[in-house]
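Those protein sequences? They're chains A and B, same order as listed.
Taken in order, the first sequence gives residues 165 to 438; the numbers are from this note's numbering.
Taken in order, the second sequence gives residues 119 to 465; the numbers are from this note's numbering.
C-beta atoms are modelled at their ideal positions from N, C-alpha and C, and glycine is treated no differently.
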Amino acid sequence: MKKGWIAYPYVVWLIMFIFVPLLLIVFYSVIKTTDQGIVFTLEHFQRFFEPIYIMVLLRSLYLALISTVICLLLGYPLAMILASKDYRHKRVLLLLVVIPMWMNFLLRTYAWLTLLEKNGVINSFISFLGLPKMELLYNQGAVVLGMVYNFLPFMVLPIYSVLIKIDKSIIEAAEDLGANSRVVFRKVIFPLSLPGVVSGITMVYMPAVTTFVISRLLGGGQFTLIGNLIEQQFLYTGEWGFGSALSLIMMILILFSMAIMSKYEKENEGGGLF
Amino acid sequence: MTNQEIIRLVDVSKTFDDTPVLNNINLYIRRNEFVTLLGPSGCGKTTTLRIIGGFEDPTTGKVLFEGQDITDVPPYKRKVNTVFQKYALFPHMNVAENIAFGLNIKKMDKKLIKEKVENMLNLVNLKGFENRSVDSLSGGQQQRVAIARALVNEPDVLLLDEPLGALDLKLRKGMQIELKNIQKKLGITFIYVTHDQEEALTMSDTIVVMNEGVIQQIGTPIDIYNEPKNAFVADFIGESNIIDGVMIEDYMVEFANYRFKCLDSGFDPNEKVDVVVRPEDVKLVPKGQGMIEGRVLSVLFKGVHYEMLVQSNGIKWLVHSTLMEPVDSIVGINILPDDIHIMKKVR
Numbered sequence: 165m166k167k168g169w170i171a172y173p174y175v176v177w178l179i180m181f182i183f184v185p186l187l188l189i190v191f192y193s194v195i196k197t198t199d200q201g202i203v204f205t206l207e208h209f210q211r212f213f214e215p216i217y218i219m220v221l222l223r224s225l226y227l228a229l230i231s232t233v234i235c236l237l238l239g240y241p242l243a244m245i246l247a248s249k250d251y252r253h254k255r256v257l258l259l260l261v262v263i264p265m266w267m268n269f270l271l272r273t274y275a276w277l278t279l280l281e282k283n284g285v286i287n288s289f290i291s292f293l294g295l296p297k298m299e300l301l302y303n304q305g306a307v308v309l310g311m312v313y314n315f316l317p318f319m320v321l322p323i324y325s326v327l328i329k330i331d332k333s334i335i336e337a338a339e340d341l342g343a344n345s346r347v348v349f350r351k352v353i354f355p356l357s358l359p360g361v362v363s364g365i366t367m368v369y370m371p372a373v374t375t376f377v378i379s380r381l382l383g384g385g386q387f388t389l390i391g392n393l394i395e396q397q398f399l400y401t402g403e404w405g406f407g408s409a410l411s412l413i414m415m416i417l418i419l420f421s422m423a424i425m426s427k428y429e430k431e432n433e434g435g436g437l438f
Numbered sequence: 119m120t121n122q123e124i125i126r127l128v129d130v131s132k133t134f135d136d137t138p139v140l141n142n143i144n145l146y147i148r149r150n151e152f153v154t155l156l157g158p159s160g161c162g163k164t165t166t167l168r169i170i171g172g173f174e175d176p177t178t179g180k181v182l183f184e185g186q187d188i189t190d191v192p193p194y195k196r197k198v199n200t201v202f203q204k205y206a207l208f209p210h211m212n213v214a215e216n217i218a219f220g221l222n223i224k225k226m227d228k229k230l231i232k233e234k235v236e237n238m239l240n241l242v243n244l245k246g247f248e249n250r251s252v253d254s255l256s257g258g259q260q261q262r263v264a265i266a267r268a269l270v271n272e273p274d275v276l277l278l279d280e281p282l283g284a285l286d287l288k289l290r291k292g293m294q295i296e297l298k299n300i301q302k303k304l305g306i307t308f309i310y311v312t313h314d315q316e317e318a319l320t321m322s323d324t325i326v327v328m329n330e331g332v333i334q335q336i337g338t339p340i341d342i343y344n345e346p347k348n349a350f351v352a353d354f355i356g357e358s359n360i361i362d363g364v365m366i367e368d369y370m371v372e373f374a375n376y377r378f379k380c381l382d383s384g385f386d387p388n389e390k391v392d393v394v395v396r397p398e399d400v401k402l403v404p405k406g407q408g409m410i411e412g413r414v415l416s417v418l419f420k421g422v423h424y425e426m427l428v429q430s431n432g433i434k435w436l437v438h439s440t441l442m443e444p445v446d447s448i449v450g451i452n453i454l455p456d457d458i459h460i461m462k463k464v465r
């Protein structure tokens, strides 16, 4: 490393904007201000173990899990269609998958509001048909829908990029050796696409667990997720200590699940986005 | 070698997006035969192989296997196995798992599978490589795994699509001999695709020469080399002098302003023909003793022989000889009747 100095600006940047803030979060999470001044405490972490907050965490993990599973079930076939040679309109389809990502995240989620509202597009259509209006907004379903809609491309693209790289002759070789299309998928295509699946899951699950915009807009504040909880501590209740503790707990959880993921990914190099 | 027919292509044609690739291929292949489909790239040889393997459907025509029509049978139900050009090994499996793939699908007994995999590894000289990952193997080793993976299924026919194309010359020569030995030992029909005429001559029982989707000639290597049916085959198999000539009468052909005796008959009087003479059949003799005379234009040393260009009456003769004639010397040229091959003009 003769040109180590080239890294210095980056190192400074990382220290200023990542390391120092992280230290501050750790700092805030273990102190409180009392009459005697600042003292060390673990009460913020203890507070997290109250049932109401555990419930919030479990709900976040649960909704994110459901969204991830739905994304996988919807995204894998779509990725396969995109990667197949025979499909004529795949360029158009690929573009349709990518285009929403060019639009503002908030805007996309607001769009769903107008669709799902009591007097929104869908309900207007339903009542036009003479059917009773439905509660489409402010429930778990709406939150999951928002997550799936926003994060689906992050599932499709990594899987697609792995599938398209699978050599067609490998599939032919499997057919040649007696595998019908189901066996080809089970023994060759799916195992080879695992790196894409793993990074797809990571890329959907992580933001889904921590989101607060989707749950606030589509869940109407009734579905507090861990992201909302953290947001509240900093913006509304001013309990920075508790907010920092929550953030740290989230980080540890994410680190933990990343470690598990990368264990599955270890041998299959390439393809993934992580 | 028995004469029992195993595969027959009947009037097989294939077009890709309106481009004809195969034109009315009729071909039969006998049991235990080593057949080579030989031709330049784009001649349709690989397509023919893929039709036999089931990876392409012929546009028209039929594929028969032991007399039964298998045109619509998918690849996984055919009793043929393929060695692919780029090996196509499964990257997520080790060597043993690759070889056992076909047997596992047949739900064969685990112990038996292990035994068969071991036997195969012995056959292809890869003993002890069971647990190696396929990425860690050299090209030649990967090739052997691909061959073992196909052969372990004991197919009636093994299809090989330019399997040695990616190997260097020395390795290729070694593998040619190995493949031929394996074929003899197991008594399996090999259908082998190559563009390398030398490879075809070395290994085959029968060579099918193809060009532009049409079979040009089918025959033993000796037949094809010595009696090429047309100028294309003569040119493609080995090097040749192909000269315009006129058939004066039976057993008499004129070219290079000289009337040569030959062994061919049955042409119209004064019919224009292609005359093919192999470079090693052009005999150089001292000036004045030849049928025609020429001037040496260039000499190249090729190891076993010298390659010379000799100009005579407007024709440049390619000559292979173990004796060197100096550049610019005048030499006589003799061509024996036996070495003159007369072909009808195609165009």
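Within the model, the alpha-carbon separation for GLY305 (chain B) versus ASN150 (chain B) is close to 5 Å.
For ILE360 (chain B), the enclosing beta strand (DSSP E) begins and ends at 359–367. Interface with chain A (8 Å Cβ-Cβ cutoff): GLY171 (chain B) is included. At least 8 Å separates the CB of SER291 (chain A) from every CB of chain B. Per DSSP, the continuous beta strand (DSSP E) segment holding SER416 (chain B) begins and ends at 410–419. Residue pairing of LYS434 (chain B) in beta bridges, as defined by DSSP: B:GLN429.
The straight-line gap separating the alpha-carbon atoms of THR273 (chain A) and ILE378 (chain A) is approximately 7 Å. Going by DSSP, MET265 (chain A) is part of the alpha helix (DSSP H) stretching over 254–266. One finds TYR194 and ILE223 in chain B with Cβ atoms closer than 7 Å to the Cβ of ALA343 (chain A), taken in chain order.
PHE376 (chain A) places its beta carbon 8 Å or farther from that of GLN304 (chain A). Taking a beta-carbon distance threshold of 8 Å, ALA284 (chain B) does not count as an interface residue toward chain A. Annotated as proximal: ASP392 (chain B) and ASP362 (chain B), with beta-carbon spacing under 8 Å. In this structure PRO173 (chain A) is exposed. Its beta-carbon is surrounded by fewer than 16 other beta-carbon atoms within 10 angstroms. Residues of the same chain with a CB within less than 8 Å of the CB of LYS225 (chain B), apart from the 5 flanking positions on each side, do not exist. Segment contact: the segment 120–136 of chain B against the segment 144–163 of chain B, three or more CB-CB distances shorter than 8 Å; contact assigned. Exclusion of the five residues before and after LEU289 (chain B) leaves GLY258 as the residues of its chain whose Cβ lies within less than 7 Å of its Cβ. When Cβ-Cβ separations below 8 Å define contact, VAL347 (chain A) makes contact with chain B. Within chain A, no residue has its CB atom less than 7 Å from the CB of THR137 (chain B), the nearest being about 18 Å off. In this structure, the beta-carbon distance from ASN431 (chain B) to ASN375 (chain B) falls below 8 Å. Within chain B, not a single residue places a beta-carbon under 9 Å from that of SER357 (chain A); the smallest gap is close to 10 Å. For the set B:ASN222, B:ILE217, B:LEU282 and B:ILE223, the Cα lying nearest the Cα of SER251 (chain B) is the one of B:ILE217. Among the residues facing chain A, PHE219 (chain B) is included, as its CB has a counterpart in that chain under 8 Å away. Residues of the segment 418–442 of chain B with a Cβ closer than 9 Å to any Cβ of chain A: none.
With contacts defined by Cβ atoms closer than 8 Å, CYS235 (chain A) and MET298 (chain A) do not form a contacting pair.
Annotation: the segment 129–164 of chain B contains the following complete segments of the beta strand (DSSP E) (minimum length 3 residues), in chain order: 137–148 and 152–156. The segment 393–407 of chain B makes contact with the segment 442–457 of chain B: 3 or more CB pairs, one atom from each, lie closer than 8 Å. Under the 8 Å Cβ criterion, the segment 332–339 of chain A counts as touching the segment 347–361 of chain A, having at least three qualifying pairs. When the five nearest sequence neighbours on each side are left out, the beta carbons in the same chain lying within less than 7 Å of the beta carbon of PHE212 (chain A) are those of ALA409, LEU410 and ILE413, in order along the chain. Interface criterion met: the Cβ of PHE208 (chain B) is under 8 Å from a Cβ in chain A. PHE378 (chain B) sits close to MET409 (chain B), with the two beta carbons spaced by under 8 Å. The three-state reading of DSSP puts MET226 (chain B) in coil, since its state is none of H, G, I, E or B. Look at ALA247 (chain A): its C-beta is not under 8 Å from any C-beta on chain B.
In the three-state reduction of the DSSP assignment, ASN249 (chain B) falls in the coil class, being assigned neither a helical nor a strand state.
Within the DSSP bridge table, the entry for ASN452 (chain B) names B:LYS401 as partners. Judged by their CB atoms, VAL201 (chain B) and LEU127 (chain B) are not nearer to each other than the 8 Å cut-off. Here the alpha carbon of SER256 (chain B) sits roughly 20 Å from the alpha carbon of LEU269 (chain B).
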